[in-house]
Structure formats: C-alpha cells, structure tokens
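Chemist: Take this structure first; my questions come after.
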Amino acid sequence: MSEGQRVKLSDEESHVLINMYHCNTAEKVVYSDWCDQNRRQMIRLTGLGYVEHLPWQGGQHFNEYQLTPIGLLEAQECIRERIKQLQNQIKVFEEMIAD
311 MSEGQRVKLS DEESHVLINM YHCNTAEKVV YSDWCDQNRR QMIRLTGLGY VEHLPWQGGQ
371 HFNEYQLTPI GLLEAQECIR ERIKQLQNQI KVFEEMIAD
C-alpha cells in the first residue's frame, strides 16, 4: 500500500471503529481475548494503520487497542455517515406518518 493511500473499510470494520469511538473517551477500546471475530478485525485494523496495539498489562483479561490519528478520522467519518443514514430514515418515517 503506497504512502497516504486510503483503504475502504468493510461494514464490520467500520462497526468496530464506531464501537471503539463510542466505548471510551480515551480513544481506547478494550475487547475480550476470547472473542476471535473481534481479534481478527483488530489485527486487520492494526495492519491497515487504523489501530495500534498497546502492551498487555499483567492481571488484565483484556487486550487494549487505541485509535491512531487516521483511525480516529475514519471513525468520525463512519459516524457522520451513520448519522446521515439515520436522519434519512427519520425523514422517511415522518413522511409516512404525515400521509
């Protein structure tokens, strides 16, 4: 991947980013070690440069990841897109009710 090239995230990856953004104001996500699906997504996101893996802290049963600056931008973009979708859904419902 060339320097600065953007990669379009899948819906699942976007969902992970949105969850990360909402779950923790410190821009950090904590997920359970035993959740293989999340683990695979986080490894992929790390490879894409959206997330960095923080060192494991002894005694905790969670791995921690934090958004990189590009990950934070992507999360904000995903959230804005989701807000637009929800606003459109509300508009459709309001029109249905008005009829």
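Using the numbering used here, read the sequence shown as starting at 311 and increasing by one per residue. Just so it is clear, CB atoms sit at the ideal spot from N, CA and C, and this is done for glycine as well. Please read all numbers here as calculations on a predicted model, not as lab measurements.
Which residue from V361, E323, D409 puts its Cα closest to that of L377?
Modeler: The candidate whose alpha carbon is nearest that of L377 is V361.
Chemist: Can you tell me which of the three DSSP states L364 falls into?
Modeler: Note: L364 maps to coil in three-state DSSP.
Chemist: Give the straight-line distance between the Cα atoms of M352 and D409, rounded to the nearest whole angstrom.
Modeler: Rounded to the nearest angstrom, the two C-alpha atoms are 45 Å apart.
Chemist: Please report the residue range of the alpha helix (DSSP H) in which L382 lies.
Modeler: Unbroken alpha helix (DSSP H) run through L382: 379-408.
Chemist: Taking all protein chains shown into account, decide if G357 is buried (16 or more other Cβ within 10 angstroms of its Cβ) or exposed.
Modeler: Looking at its Cβ environment, which holds fewer than 16 other Cβ atoms inside 10 Å, G357 is exposed.
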